[in-house]
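All residue numbers for the sequence shown refer to our numbering, where the first residue is 718 and numbers rise by one.
Every residue, glycine too, gets a C-beta built ideally from N, C-alpha and C.
Here's the structure we're looking at; comments come further down.
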Amino acid sequence: MIEALMEDVTFRFGKTGPIIIENFSLGIKKGDFVYIAGQNGSGKSTILKILCGLISPQKGSIMILDKNPFKNPEVIKQVGVLVDGMGFYSDLSLKENIILFAKEKYGNGGIEEALKKYIKLWDIDFNTLYKRSSHGMRKIAQLTLSLLGEPQVLIWDEPEVALDEKRYAILIDIIKDYKSKEKTIIMAGTVPTRYETLINKTVYKEVIL
């Protein structure tokens, strides 16, 4: 079963801006961990944003969990997303931000109870105001938000950045757990060797500017 599919996708900024992605195709099977590797500016983060329906390409077709995320945005309730631009409110705590955005995505049912698991797992102070939290704490809050709701697919952009060794080990355990449940992981980054024993397929994206 194909969980995510991109066919002949082209994206550029504006009508005359540089082409970032050109005729790009990718098929991802259920339960696979696919790593999209590339230098900064290669368009790998843009691919993730297109897959989860945040930005629309000028050309091509996109399917995730057998639905087009632009025509069926409700499918993203089954997708855990960590990409650039996930803005939290600076005067709210990490916990308050997670609950606010999780309820917006999933409704009120069981969010605070589900969050308790991750508060214990990560072992950081989720009551810290976002504006006073470290880069690593912010990344953990974003990861936690992406994991609530038990998503079928994870779409993550460099989730390990800013994590210390202890939290990186937790991240690896989470990935192993998802793979054991035959859930799908799509990740972008620059260092696939961090996950080489877990990855099913690495896709190299070249800079085309």
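Self-check item: Top-ranked residue by Cα proximity to residue 719, from 848, 780, 834
Solution: For the purposes of this step, residue 719 is identified with residue 2 of the sequence shown, where counting begins at 1. Closest by alpha carbon: 780.
Quiz item: Touch check for the region 889-907 and the region 867-881: three-plus C-beta pairs under 8 Å?
Solution: At 8 Å Cβ cutoff, the stretches touch.
Practice problem: Compare the C-alpha of residue 828 against each of 787, 866, 871 and name the closest. | Solution: On the sequence shown, position 111 is the one that residue 828 refers to. The candidate whose alpha carbon is nearest that of residue 828 is 866.
Practice problem: Apply the 10 Å Cβ neighbour rule to residue 790 and answer buried if 16 or more other Cβ atoms are within range, or exposed otherwise. | Solution: What you label residue 790 is simply residue 73 of the sequence shown in a count that begins at 1. With fewer than 16 other Cβ atoms within 10 Å, it is exposed.
Quiz prompt | Same chain, Cβ closer than 7 Å to residue 854, neighbours up to 5 away in sequence not counted | solution = As a working note, residue 854 is residue 137 in the sequence shown. The beta carbon of residue 854 lies closer than 7 Å to those of 811, 841, 845 in the same chain, with the five residues before and after it left out.
Quiz item: Would the region 793-803 and the region 759-774 be scored as touching if the rule is three or more Cβ pairs under 8 Å?
Solution: The answer is yes - the region 759-774 touches the region 793-803, with three or more Cβ pairs under 8 Å.
Quiz item: Does DSSP put residue 861 in a helix, in a strand, or in coil?
Solution: Residue mapping note: residue 861 aligns to position 144 of the sequence shown, counting from 1. When DSSP states are grouped into helix, strand and coil, residue 861 belongs to the helix group.
Practice problem: Quick one: residues in its chain with C-beta nearer than 7 Å to the C-beta of residue 987, no 5 flanking neighbours on either side, listed in chain order? | Solution: In the structure as shown, the chain starts at 718 and stops at 926, and residue 987 therefore has no counterpart that could be examined.
Quiz item: From which residue to which residue does the beta strand (DSSP E) around residue 729 run?
Solution: On the sequence shown, position 12 is the one that residue 729 refers to. Note, residue 729: beta strand (DSSP E), 719-729.
Quiz item: What span of residues does the alpha helix (DSSP H) with residue 814 cover, start to end?
Solution: Residue mapping note: residue 814 aligns to position 97 of the sequence shown, counting from 1. Residues 811-823.
Quiz prompt | Pairwise C-alpha distance: residue 814 and residue 917 | solution = The count along the sequence shown starts at 1 and reaches residue 917 at position 200. The count along the sequence shown starts at 1 and reaches residue 814 at position 97. Rounded to the nearest angstrom, the two C-alpha atoms are 33 Å apart.
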